[in-house]
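Q: As you go down the protein sequences, you meet chains U and Z in turn.
Mind the numbering: the first sequence is residues 25 to 336 in the numbering used here, read in order.
Mind the numbering: the second sequence is residues 5 to 423 in the numbering used here, read in order.
Encoded as structure tokens, here's the structure I'll be asking about.
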Amino acid sequence: MASLPVHGNARNTDGDRGLRAWWSRSERKVVPYVFISPFYILFIVFSVGPLVYALYLSLHRWPGTGPMRHVGLGNYTYLAGDPVFLKSLWNTVYYAVGAFLFILPLALVLALLINSTLIRIKSLFRIGYFLPILTSTVAATIMFLLIFNNEFGLINQGLASLGIPALKWLDEELVKISVLAVVTWRYTGINVLYFLTGLQSIPPELYEAAQVDGAGTWAQFRYITLPQLRPIALFVGVVTMIGSFQLFAEPMLLANGGPNDASLTIANYLYRMGFTNAKLGYGSAIGWVLALIIFGLSFIQLYLFGAFRKED
Amino acid sequence: MKYKFSRFVGLLLLLSMLFGAGTASAQDDITLTIWTFGSFFTDFYKGIEADYKEIAPHVTIVVEEIPYGQLYDNLQGAFVAGVGAPDIVDVEQGVISRFLKGEPGLVPLNDLIAPYADDYIMAKTGLYAHQGTIYGIDHCLCPVVLYYRHDIFADAGIEMPITTWDEFVEAASALTEQGISALSLSDRSWGDFYMLLLQSGSPGFFDADGNVIVDSPEAIAVLEWYLGLLESGVAIAPGDSQSIYGLMSEGKIAAAIGADWYGGFIKNNVADTEGLWRAAPLPAFEEGGARTSTHGGTAYSITAQSEHKDEAWAYIEFALFNEDNKIFEFQVNNLLPPVLSHLDNEALLGPDPYFDNQSLGELFLELAPEVPHQVRGPWFNEASTLVGNAIFEAAQGEKTAEQALKDAAAELRRQIDFG
Numbered sequence: 025m026a027s028l029p030v031h032g033n034a035r036n037t038d039g040d041r042g043l044r045a046w047w048s049r050s051e052r053k054v055v056p057y058v059f060i061s062p063f064y065i066l067f068i069v070f071s072v073g074p075l076v077y078a079l080y081l082s083l084h085r086w087p088g089t090g091p092m093r094h095v096g097l098g099n100y101t102y103l104a105g106d107p108v109f110l111k112s113l114w115n116t117v118y119y120a121v122g123a124f125l126f127i128l129p130l131a132l133v134l135a136l137l138i139n140s141t142l143i144r145i146k147s148l149f150r151i152g153y154f155l156p157i158l159t160s161t162v163a164a165t166i167m168f169l170l171i172f173n174n175e176f177g178l179i180n181q182g183l184a185s186l187g188i189p190a191l192k193w194l195d196e197e198l199v200k201i202s203v204l205a206v207v208t209w210r211y212t213g214i215n216v217l218y219f220l221t222g223l224q225s226i227p228p229e230l231y232e233a234a235q236v237d238g239a240g241t242w243a244q245f246r247y248i249t250l251p252q253l254r255p256i257a258l259f260v261g262v263v264t265m266i267g268s269f270q271l272f273a274e275p276m277l278l279a280n281g282g283p284n285d286a287s288l289t290i291a292n293y294l295y296r297m298g299f300t301n302a303k304l305g306y307g308s309a310i311g312w313v314l315a316l317i318i319f320g321l322s323f324i325q326l327y328l329f330g331a332f333r334k335e336d
Numbered sequence: 005m006k007y008k009f010s011r012f013v014g015l016l017l018l019l020s021m022l023f024g025a026g027t028a029s030a031q032d033d034i035t036l037t038i039w040t041f042g043s044f045f046t047d048f049y050k051g052i053e054a055d056y057k058e059i060a061p062h063v064t065i066v067v068e069e070i071p072y073g074q075l076y077d078n079l080q081g082a083f084v085a086g087v088g089a090p091d092i093v094d095v096e097q098g099v100i101s102r103f104l105k106g107e108p109g110l111v112p113l114n115d116l117i118a119p120y121a122d123d124y125i126m127a128k129t130g131l132y133a134h135q136g137t138i139y140g141i142d143h144c145l146c147p148v149v150l151y152y153r154h155d156i157f158a159d160a161g162i163e164m165p166i167t168t169w170d171e172f173v174e175a176a177s178a179l180t181e182q183g184i185s186a187l188s189l190s191d192r193s194w195g196d197f198y199m200l201l202l203q204s205g206s207p208g209f210f211d212a213d214g215n216v217i218v219d220s221p222e223a224i225a226v227l228e229w230y231l232g233l234l235e236s237g238v239a240i241a242p243g244d245s246q247s248i249y250g251l252m253s254e255g256k257i258a259a260a261i262g263a264d265w266y267g268g269f270i271k272n273n274v275a276d277t278e279g280l281w282r283a284a285p286l287p288a289f290e291e292g293g294a295r296t297s298t299h300g301g302t303a304y305s306i307t308a309q310s311e312h313k314d315e316a317w318a319y320i321e322f323a324l325f326n327e328d329n330k331i332f333e334f335q336v337n338n339l340l341p342p343v344l345s346h347l348d349n350e351a352l353l354g355p356d357p358y359f360d361n362q363s364l365g366e367l368f369l370e371l372a373p374e375v376p377h378q379v380r381g382p383w384f385n386e387a388s389t390l391v392g393n394a395i396f397e398a399a400q401g402e403k404t405a406e407q408a409l410k411d412a413a414a415e416l417r418r419q420i421d422f423g
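The following block contains the structure:
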């Protein structure tokens, strides 16, 4: 028995030598991977892992406890005929289109104004457009609830003073517009910031040269500003589209997705199914469909903006 | 040197093992973790902590207050993961159904509550049960009454209390003529309708066997009557609670149906009408019918992951069946005990200046035995969402009450079949 440790030590020493030799051979190759590994470990644990597991779950029906029931593509086929999912898809598309029609043009106009020499107190405007982003979504939405209140809300009181009958801002017909108003208030500022960054990175020589050639304000905007903004516009477009499809808090807090699911987004429906109703498989299927929609639309946007074209 | 160091480490290990064994031998010292969602519950638990320490010195109670939605998402996560659940959790009635699917992560409490069946108002267990197995024991009774502005009713010449809903609707026309709505009812969510459906004698959206009865003739009749109240102007649907309180303050809404806690909401949100409110039994659907319903609740549940289930139940017994504790809880969070022998406590029967010095406690004591039984189970969330939408569609005139409920029931059955 006494000899065992000696053998053990000898083996360890041999092992140590082997390890050292391997390390000296491989150090230069391994160390960079070790340095970048924290990101990949976190990415695999918190992103890739859940994605793969969600894909697995989406092929099952499972309330979170007890045995899973394999249903193949059953969740996906049910989804295709689920009227509430289709309604939430339509609502989400409505918000996304609204964001492109209202938020982006408004943000561009505000960025142009702030970037121009017309506006004097620029820091005041910068604070103004950035404050909504810093405000808690819950606090801001509660404030909007008071503004949209049917009986005593600010807007309806204003309309009443003009002799216009009160409108039901949170009813089926208008609730999506109300959600869009909150979203516009909240996200225009950050897009102004993006556009402003893009505008300020346009070399002033281009405008000077254009002025020498006799280009007016509109011509400068049309032929210099807009083309030069293309990369930032692509970024803003993709981010806005992804943000719109992931919209969750505002419709949830403003109208709980209702009335009659009129303001429900896909993300709200995913939460309702996956958590509130404990249908983890179905919720995962909704999540995958949402991810594929976002991926597809991002791809189309990138393609249309020529992001895949080789530079000349 | 190395040899000495390793001996030193070995000695340390030995000592730590001995020390560890020493603590393990004091097995009686345990910690019970409670998850709750409101400061009104936390304050109650903190308030009884010292008394419980005297009874069970080996038990340490740790209360973790987590925001409402997050608490139940965390609980679901703990059940999915198989670890991380607390010993005791406050399960609000609106979220219980998701935890009744699959293999519930909550402990059956039938045998534990059985010795109290004569004193505890067992109708409240229906909210937290599935196929006869009870998974939660309610903190509160939540009996529903009619809160009304006695000044407005008296001015209109209406004598309260009124015995039946038919008489109430007839009398309310005197208010409607003055532009006052007698009631406030929701035209888009299920709560008000559900209270009245239970009062009508229905077990709710499911029968005792778990079959969907959302489209039963009884439910259709109650919804038709309910929508009639909204159409005739007897009731108004302002859409949100702030509007309701505003209209109550202005005297445009003269009454409301609500549980014990709703009286507290009126008191806090319509403070300027102190002394002008009273409460009465709900008018019955027919002479001699039920005069109350129930709305809301939060149950004590013990999780299957708890390693101290017996101690957890002992604590719940102390919190729930000790009369002093329940009276203290009422003073902290205004929740009326669901225990018959507590309801005649002097502290609950005192006059309330906000309610014209009426003793609401006496009214609740009188109505407590009539609190209706109900059946919920794992599909209640789906049912309540669909019924809320059905009420909205019918109130908007998009469908008849019958069609809206039949469509909701068909969709609910489809969802249940889907699993």
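Idealized CB from N, CA, C, for every residue including glycine.
In this text the structure is predicted, and so the values were computed from the model without any measurement.
Should Leu155(U) be counted as a contact of the ligand GTP given a C-beta to heavy atom distance under 7 Å?
A: Within the structure as shown, the ligand GTP is missing, as the structure has no ligands at all.
Q: Cα separation between Leu280(Z) and Tyr266(Z)?
A: Here residue 280(Z) refers to the residue found at position 276 when the second sequence is read from its first residue. Here residue 266(Z) refers to the residue found at position 262 when the second sequence is read from its first residue. Answer to the nearest angstrom: the Cα atoms are 16 Å apart.
Q: Return the bridge partner residues of Ala259(Z) from the DSSP annotation.
A: Taking the second sequence and counting its residues from 1, one reaches residue 259(Z) at position 255. Its beta-bridge partners are Tyr152(Z).
Q: At the 8 Å Cβ level, is Glu315(Z) part of the contact set with chain U, yes or no?
A: On the second sequence, position 311 is the one that residue 315(Z) refers to. Output row for Glu315(Z): interface = no.
Q: Return helix, strand or coil for Thr302(Z), following the three-state DSSP convention.
A: Stepping through the second sequence from its first residue, residue 302(Z) is reached at position 298. Residue state, collapsed to three classes: strand.
Q: Please check the pair Leu416(Z) and Trp383(Z), which I expect to be a contact at CB under 8 Å, by giving their CB distance rounded to whole angstroms.
A: On the second sequence, residue 416(Z) is found 412 positions in, with the first residue counted as 1. On the second sequence, residue 383(Z) is found 379 positions in, with the first residue counted as 1. Going by Cβ atoms, the distance from Leu416(Z) to Trp383(Z) rounds to 7 Å, so yes, they are a contact pair.
Q: Looking only at C-alpha atoms, which of Phe329(U), Gly305(U), Leu113(U), Ile214(U) sits nearest to Leu79(U)?
A: On the first sequence, residue 79(U) is found 55 positions in, with the first residue counted as 1. Of Phe329(U), Gly305(U), Leu113(U), Ile214(U), the residue nearest in Cα terms is Gly305(U).
Q: Which of helix, strand or coil does DSSP assign to Glu46(Z)?
A: Here residue 46(Z) is taken as the residue at index 42 of the second sequence, counted from 1. Per the sequence shown, the amino acid found at residue 46(Z) is Thr instead of Glu. In the three-state DSSP reduction, Thr46(Z) falls in the helix class (H, G or I).
Q: Kindly indicate which three-state DSSP category Tyr247(U) falls into: helix, strand or coil?
A: As a first step, residue 247(U) is located in the first sequence; it is residue number 223 there, counting from the start. Looking at Tyr247(U) - three-state DSSP - the assignment turns out to be helix.
Q: For Pro62(U), is the classification buried or exposed, using 16 other Cβ atoms within 10 angstroms of its Cβ as the cut-off for buried?
A: Numbered from its first residue, the first sequence carries residue 62(U) at position 38. So Pro62(U) counts as exposed.
Q: Distance cutoff 8 Å, beta carbons only. Does Leu251(Z) sit that close to anything in chain U?
A: To locate residue 251(Z), count along the second sequence from 1; it is residue 247. Answer yes: the Cβ-Cβ gap between Leu251(Z) and chain U drops below 8 Å somewhere.
Q: Is it true that the CB of Glu196(U) sits closer than 8 Å to the CB of Ala286(U)?
A: For the purposes of this step, residue 286(U) is identified with residue 262 of the first sequence, where counting begins at 1. For the purposes of this step, residue 196(U) is identified with residue 172 of the first sequence, where counting begins at 1. Contact: yes.
Q: Is the shortest distance between the beta-carbon of Pro242(Z) and the beta-carbons of chain U less than 8 Å?
A: If you number the second sequence from 1, residue 242(Z) lands on position 238. Chain U, which has a Cβ nearer than 8 Å to the Cβ of Pro242(Z), makes this yes.
Q: In or out: Thr298(Z) buried (at least 16 other Cβ within 10 Å) or exposed?
A: Translated into the one-based positions of the second sequence, residue 298(Z) becomes position 294. Result: buried.
Q: Would you say Ile135(U) and Phe219(U) are within 8 Å of each other, going by their C-beta atoms?
A: For the purposes of this step, residue 135(U) is identified with residue 111 of the first sequence, where counting begins at 1. For the purposes of this step, residue 219(U) is identified with residue 195 of the first sequence, where counting begins at 1. It is Ala, not Ile, that sits at residue 135(U) in the sequence shown. Yes, the Cβ-Cβ distance between Ala135(U) and Phe219(U) is below 8 Å.
Q: Does the structure place the segment 397 to 407 of chain Z close enough to the segment 212 to 230 of chain Z that three or more beta carbon pairs sit under 8 Å?
A: yes
Q: Is the separation between the beta-carbon of Gln244(U) and that of Tyr231(U) shorter than 8 Å?
A: Within the first sequence, numbered from 1, the residue matching residue 244(U) stands at position 220. Within the first sequence, numbered from 1, the residue matching residue 231(U) stands at position 207. In this structure, Tyr231(U) lies closer than 8 Å to Gln244(U) by Cβ.
Q: Applying a beta-carbon distance threshold of less than 8 Å, which residues of chain U neighbour Asp196(Z)?
A: Looking up residue 196(Z) in the second sequence gives position 192. None at all; the shortest Cβ gap to chain U is about 14 Å.
Q: Who are the neighbours of Glu175(U) on chain Z, taking C-beta pairs under 7 Å?
A: Counting from one through the first sequence, the residue named residue 175(U) turns up at place 151. Neighbours of Glu175(U) on chain Z, chain order: Pro242, Ser247, Gly250, Leu251.
Q: Under the three-state reduction of DSSP, which class applies to His346(Z): helix, strand or coil?
A: To locate residue 346(Z), count along the second sequence from 1; it is residue 342. Three-state DSSP puts His346(Z) in a helix.
Q: Taking 8 Å as the CB-CB cut-off, is Pro87(U) touching chain Z?
A: Position 63 of the first sequence, counted from the first residue, corresponds to residue 87(U). Closer than 8 Å to some Cβ of chain Z, the Cβ of Pro87(U) qualifies, so yes.
Q: Taking the CB atoms as reference points, tell me whether Phe209(Z) and Val391(Z) lie closer together than 8 Å.
A: Taking the first residue of the second sequence as 1, we reach residue 209(Z) at position 205. Taking the first residue of the second sequence as 1, we reach residue 391(Z) at position 387. Against a cut-off of 8 Å, the Cβ pair of Val391(Z) and Phe209(Z) comes out as a contact.
Q: Let's test the definition: count the other Cβ atoms within 10 Å of the Cβ of His143(Z) and tell me whether it reaches 16, buried, or not, exposed.
A: Within the second sequence, the letter at position 139 stands for residue 143(Z). Answer is buried; the Cβ neighbour count reaches 16.
Q: Could you pull the DSSP bridge partners for Leu187(Z) from this structure?
A: Taking the second sequence and counting its residues from 1, the one referred to as residue 187(Z) is at position 183. For Leu187(Z), which the question treats as bridged, DSSP gives the partners Ala239(Z).
Q: Taking Cβ positions, are Ile317(U) and Met297(U) nearer each other than 8 Å?
A: Along the first sequence, one-based indexing puts residue 317(U) at 293. Along the first sequence, one-based indexing puts residue 297(U) at 273. Against a cut-off of 8 Å, the Cβ pair of Met297(U) and Ile317(U) comes out as no contact.
Q: With 16 as the cutoff for other CB atoms within 10 Å, does Leu254(U) come out buried or exposed?
A: Position 230 of the first sequence, counted from the first residue, corresponds to residue 254(U). Residue identity differs from the one stated: residue 254(U) is Arg in this sequence, not Leu. So Arg254(U) counts as exposed.
Q: With a CB to CB cut of under 7 Å and the five nearest residues on each side skipped, what residues in its chain are close to Glu366(Z)?
A: Counted from its first residue, the second sequence places residue 366(Z) at position 362. Closer than 7 Å at Cβ, skipping near neighbours: Leu353.
Q: Should the segment 71 to 88 of chain Z be called in touch with the segment 267 to 279 of chain Z, which here means at least 3 C-beta pairs below 8 Å?
A: no
Q: If you draw a straight line from the alpha carbon of Val206(U) to that of Thr165(U), how long is it in whole angstroms?
A: Position 182 of the first sequence, counting from 1, holds the residue named residue 206(U). Position 141 of the first sequence, counting from 1, holds the residue named residue 165(U). Cα-Cα distance, rounded: 7 Å.
Q: Could you tell me which residues DSSP puts in a beta bridge with Glu68(Z)?
A: Translated into the one-based positions of the second sequence, residue 68(Z) becomes position 64. Partner(s): Trp39(Z).
Q: Use the C-beta contact count for Asp122(Z): other C-beta atoms within 10 angstroms, 16 or more gives buried, fewer gives exposed.
A: Here the question's residue 122(Z) lines up with position 118 in the second sequence. With fewer than 16 Cβ atoms within 10 Å of its Cβ, Asp122(Z) is classed as exposed.
Q: When DSSP labels each residue in this structure, what does Leu97(U) get in the three-state scheme?
A: In the first sequence, residue 97(U) corresponds to position 73, counting from 1. Leu97(U): coil per DSSP, three-state reduction.
Q: Where in the segment 50 to 120 of chain Z do unbroken runs of the alpha helix (DSSP H), each at least 4 residues long, occur, reported from the N-terminal end onward?
A: 72 to 85, 114 to 117
Q: Find the nearest neighbour of Gly88(U) within the set Phe299(U), Gln270(U), Phe332(U), judged by alpha-carbon distance.
A: On the first sequence, position 64 is the one that residue 88(U) refers to. Checked all of Phe299(U), Gln270(U), Phe332(U); the closest Cα to Gly88(U) is Phe299(U).
Q: Residues in the same chain with beta-carbon distance under 8 Å from Gln235(U), minus the five sequence neighbours each way, listed in chain order, please.
A: Position 211 of the first sequence holds residue 235(U). Result list for Gln235(U): Gln244, in chain order.
Q: Counting C-beta neighbours from all protein chains within 10 Å, is the total for Asp348(Z) 16 or more, i.e. buried, or is it exposed?
A: Looking up residue 348(Z) in the second sequence gives position 344. With fewer than 16 Cβ atoms within 10 Å of its Cβ, Asp348(Z) is classed as exposed.
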